[in-house]
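Counting in the numbering used here, the sequence shown runs from 1 upward without gaps.
Just so it is clear, CB atoms sit at the ideal spot from N, CA and C, and this is done for glycine as well.
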Amino acid sequence: PPDDLAPALAGSLIGTAASTGWGPVLGALMDLARRRALTIESVEKAGLFASKEVRISRGPVPSHAAPHERVLLDLLFTDKHGPRTSVTFSELAKTFASSRRWKRLKEAIAAELRAERLLDADRERTRGRVTIAGLIVLVMAIAGFVGSVALFDRVGQPVLAVPIALLIVGVVGMITGASLSPLSEEGHRRAERWRGFKRTLGSPSDTSAPGGPGVERLERLLPYAVAFGTAVAWMKRLEKQGITMGPSWL
Numbered sequence: 001p002p003d004d005l006a007p008a009l010a011g012s013l014i015g016t017a018a019s020t021g022w023g024p025v026l027g028a029l030m031d032l033a034r035r036r037a038l039t040i041e042s043v044e045k046a047g048l049f050a051s052k053e054v055r056i057s058r059g060p061v062p063s064h065a066a067p068h069e070r071v072l073l074d075l076l077f078t079d080k081h082g083p084r085t086s087v088t089f090s091e092l093a094k095t096f097a098s099s100r101r102w103k104r105l106k107e108a109i110a111a112e113l114r115a116e117r118l119l120d121a122d123r124e125r126t127r128g129r130v131t132i133a134g135l136i137v138l139v140m141a142i143a144g145f146v147g148s149v150a151l152f153d154r155v156g157q158p159v160l161a162v163p164i165a166l167l168i169v170g171v172v173g174m175i176t177g178a179s180l181s182p183l184s185e186e187g188h189r190r191a192e193r194w195r196g197f198k199r200t201l202g203s204p205s206d207t208s209a210p211g212g213p214g215v216e217r218l219e220r221l222l223p224y225a226v227a228f229g230t231a232v233a234w235m236k237r238l239e240k241q242g243i244t245m246g247p248s249w250l
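Dropping the structure here:
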């Protein structure tokens, strides 16, 4: 890796508009498993038909766990009934179904990116304002279409001109806001290095060395591959090279 960013931070940094998706979250899970903060195991699923389920169980919280990792562990192992010791993969979507819970995790990751000076507060505000302005104009366009129904018989198609114009402006505003990067100059520089790392991760030069990447290196890199969304392709490349080992914590 080009620097010491955690998988969730690196995955979010190179994501669209530095946003956090499932990839960075799963990458954080894998990294916590690598450090024995939780265990991931396959278990028999209860039911009429036998099937397998992946269960995540809580372990000791590392003393050096990052703030976003502590938030993730708290969200995983706390539900409306209180603390719990394990959660299944099938329950993850339900765990983060609440926008409030998902927002809490996203904000924890964003706060660490800001602490690293990888996000620019002014650019974040500008992006938010442009996006909100586009949304407001879209709402005005919808209201215009609704209002034009009453006048359409008398005025005809010209009555739709203003709502259509507002619709175009609103869509352009939303697209423009989404395309604005909140990254600082340092954030852009480090994001480029991480994108380069993503491109080389699992490349032939990386996997064709004698003995492959080695268990320790594989365990270190797998969380990043998961965070970048390239884990499946990387593992398939390793398998074609005859490397079938997996991390000790899976």
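Is it buried or exposed for residue 236, if we count other Cβ within 10 angstroms and need 16 for buried?
Its Cβ having fewer than 16 others within 10 Å, residue 236 is exposed.
If distances are taken between C-alpha atoms only, which option among 126, 218, 147, 160 comes closest to residue 180?
Looking at the Cα atoms, 126 is the closest of the given residues.
Which class does residue 78 belong to by DSSP, given the choice of helix, strand or coil?
Three-state DSSP puts residue 78 in a strand.
Which residues in the same chain as residue 222 place their Cβ atom closer than 7 angstroms to its Cβ, once the five residues preceding and following it in sequence are excluded?
The answer, listed in chain order, is 30, 231, 247.
Candidates 23, 17, 70, 19: closest to residue 32 by CA position
By alpha-carbon distance to residue 32, the top candidate from 23, 17, 70, 19 is 70.
State whether the region 82-94 contacts the region 51-62, with contact taken as three or more CB pairs (one from each stretch) at a distance under 8 angstroms.
The region 82-94 vs the region 51-62: in contact.
In three-state terms, what does DSSP make of residue 117?
Three-state DSSP puts residue 117 in coil, outside helix and strand.
Could you pull the DSSP bridge partners for residue 58 from this structure?
Bridge partners of residue 58: 38.
Using the Cα positions of residue 16 and residue 156, report the straight-line distance between them to the nearest angstrom.
Approximately 42 angstroms, taken between the alpha carbons.
From the DSSP output, in three-state form, read off residue 15 for me.
Correct three-state label for residue 15: coil.
Beta-bridge partners of residue 83, as assigned by DSSP:
Residue pairing by DSSP puts residue 83 in a beta bridge opposite 78.
contact_flag[the region 127-139, the region 169-184] where n(CB pairs < 8 angstroms) is 3 or more:
Segments in contact, yes.
Enumerated in chain order, which unbroken segments of the alpha helix (DSSP H) with a length of 4 residues or greater are wholly contained in the region 140-204?
When DSSP assignments are scanned along the region 140-204, the uninterrupted stretches of alpha helix (DSSP H) that are 4 or more residues long and fall wholly within it turn out to be 161-179, 185-200.
In or out: residue 25 buried (at least 16 other Cβ within 10 Å) or exposed?
Counting Cβ neighbours within 10 Å, residue 25 comes out buried, since at least 16 surround it.
Start and end residues, alpha helix (DSSP H) containing residue 5:
Where residue 5 is concerned, there is no enclosing alpha helix (DSSP H), given that its DSSP letter is neither H nor E.
CB residue 34 to CB residue 239, shorter than 8 angstroms?
Not a contact, by the Cβ cut-off of 8 angstroms.
Buried or exposed for residue 177, please, with buried defined as at least 16 other CB atoms from any protein chain shown within 10 angstroms of its CB.
So residue 177 counts as buried.
DSSP has residue 63 in a bridge; who is on the other side?
Under the DSSP definition of a beta bridge, residue 63 lacks any partner.
Segment contact flag, the region 184-194 with the region 146-163, C-beta cutoff 8 angstroms, min 3 pairs:
Too few Cβ pairs lie closer than 8 angstroms, so no.
Close-in-space but distant-in-sequence residues of the same chain around residue 2 (CB under 8 angstroms, 5 per side omitted):
Residues 190, 193, 194, 196, 197 of the same chain have their beta carbon placed closer than 8 angstroms to that of residue 2, with the five preceding and five following residues left out of the count.
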